[in-house]
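In what follows, a structure is listed as structure tokens, so that the remarks can point back to it.
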Amino acid sequence: MIEIPSDLHKDLVPLAFLLGNWAGAGVHDFPGSEKCNFGQEVSFSHDGRDFLEYHSRTWVLDNDGNKVRPLESESGFWRIDADRKVEVTMTRDDGVIEIWYGEMAAKKPQIDLVTDAVARTAAAQPYSGGKRLYGYVKSDLMWVGEKQTPDVELRPYMSAHLKKVVTPEDVERWAKALPDDMPDDGIAFFK
């Protein structure tokens, strides 16, 4: 279920499907780095202004699904304009800062992004750009990332399937929103 908070900036309504905390797992595979399964936690939040705040943490998982060590962390800000053009500023823990541009698909919650600018610190690994695709599919958030370096052509390197994290506050809010005349047995509700 996509909820649109009453204090969400009106320009951000098309991005409301991203709001909340997400968790799940995915696959990381890029030449020169370890191929692994990873866990991920993502948060999209807002404070009433015209952007979403974004945070992501990933970690390597062992064969039993246990956390082994951190993989990547990134944070940034997402905006969308009236023409459904999306811009993202992102900072990653590996010393890379990116500006992404893209657009939201017509009539579906899907966003395609491409890097427009990349800045790297002296400690950062070689990196020259990327693409990302985010989609809201059957109440889940899925994404795939592609990247390129001066030595490796653009290719997929990470993808994940994330589920919405439900908090006790969510349950309380939903319970308060239930109608007063809910049937006791629950069966009549479906008739």
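Here the sequence shown is numbered in numbering that gives the first Met the number 0, starting from 0 and rising by one per residue. We treat Cβ as the ideally placed atom computed from N, Cα and C, and that holds for glycine.
Rounded C-alpha distance that separates residue i from residue j
i	j	result
A116	G94	14 Å
V164	V41	10 Å
P13	P108	8 Å
L153	L17	26 Å
N20	Q39	11 Å
M141	K106	17 Å
L112	Y135	15 Å
G64	F37	8 Å
E171	D10	28 Å
K137	G129	26 Å
E52	Y133	16 Å
heavy atom of the ligand NAD below 7 Å from residue i C-beta
i	result
T90	With respect to the ligand NAD, the structure offers nothing, as it holds no ligand at all.
Simplified DSSP state of residue i, which is helix, strand or coil
i	result
L7	coil
P155	strand
F16	helix
P69	strand
R172	helix
Whole-number beta carbon distance between residue j and residue i, since they are thought to touch under 8 Å
i	j	result
D49	R91	Actually they are not in contact, since the Cβ atoms of D49 and R91 sit about 23 Å apart, beyond 8 Å.
E97	T114	5 Å
A15	I3	5 Å
D28	Y156	6 Å
Beta bridge counterpart(s) of residue i as assigned by DSSP
i	result
H45	Looking at the DSSP assignment, H45 forms no beta bridge with any residue, so it has no partner.
L131	The question names Leu, but residue 131 is Arg in the sequence shown. In the DSSP output, where bridge partners are listed per residue, R131 has L112, G144.
Quick one: any contact between the stretch 73-86 and the stretch 41-60, if contact means 3 or more CB pairs under 8 Å? Yes, the stretch 73-86 is in contact with the stretch 41-60.
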